[in-house]
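Number 5 in UniProt numbering belongs to position 5 of the sequence shown; there are no gaps in the numbering. Have a look at the structure below, then the notes.
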Amino acid sequence: MANLGNTTKIKTKRESLIKRMGSCFINYSYYFLPHPELFSPHLHTSSIRSVRTISMTSPAAPLRILVPAGCRSPHKHPIPVHHVERRPKRRSLACTSCQRKKVKCSGPPPCEACAATNSECFFEPLTDKRRRLTRKAVEKDMESYRDVSMYLISILRSGKEDDVNNLVKEVQKASSLDSALADLQSLISGEKS
């Protein structure tokens with residue numbers, strides 16, 4: 001009979017929690033787990049089945065209510081987020097003078113080392129791998145935009161109403177400008193093949 005009393009208490013706690021939490025609460029039995037001290041160290045509890053078995057076989061154990069992280073009580077205050085100070089941006093490449101001397105370069109021209117020695121502070125952009133990769137990506141995008149522009153101009157210059165109307169329909173059915181551009185790019189790449 002003591003088991004029936006515990007079950008009623010658990011049910012009442014669960015119902016009151018559901019009322020407080022509203023629709024955020026997910027009603028799974030494995031959210032009600034026995035207290036961790038009741039688990040023996042040799043017992044493997046990684047699967048949900050073993051946790052359910054333990055919670056069903058030890059009715060006298062006090063149950064902990066586990067709530068999903070996104071559904072906290074509204075009366076609790078949010079945890080303050082500490083702002084992390086970011087380091088100032090450093091150049092990914094040292095100036096030629098600092099490279100020759102093998103010293104740390106402080107950044108934008110004139111760097112501190114060049115200013116101290118009154119030497120010329122010059123950054124060579126072609127030797128920087130990160131900038132080179134970025135430049136190649138930008139060049140690829142520019143080439144793609146150029147292809148789209150040339151395609152649009154060629155259709156408009158041809159003056160064929162069917163081609164112009166098909167182009168207008170293609171652009172209008174796109175959900176955004178970016179998707180219209182992507183559709184045109186795929187259309188152009190299909191014609192090139």
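All C-beta atoms, glycine included, are put in the ideal place defined by N, C-alpha and C.
In the DSSP assignment, residue 167 falls within the alpha helix (DSSP H) that extends over 161-172. The Cβ-Cβ distance between residue 123 and residue 110 does not fall below 8 Å. Rounded to whole angstroms, the separation of the alpha carbons of residue 143 and residue 190 is 16 Å. A straight-line Cα-Cα distance of about 10 Å links residue 176 and residue 182. Looking only at 165, 155, 97 and 169, the smallest Cα-Cα distance to residue 120 is reached by 97.
Between the C-alpha atoms of residue 187 and residue 135 there is a straight-line separation of about 26 Å.
A residue is called buried when at least 16 other Cβ atoms come within 10 angstroms of its Cβ; residue 137 does not meet this threshold and is exposed. Boundaries of the alpha helix (DSSP H) around residue 112: 112-117. When the beta-carbon positions are compared, residue 113 and residue 103 come within less than 8 Å of each other. Per DSSP, residue 102 lies in no alpha helix (DSSP H) segment and is marked neither H nor E. Residue 132 is bridged by DSSP to nothing; it lacks a bridge partner.
The Cβ atoms of residue 155 and residue 162 do not sit closer than 8 Å to each other. Selection 131, 106 and 145 evaluated against residue 184 yields 145 as nearest (Cα-Cα).
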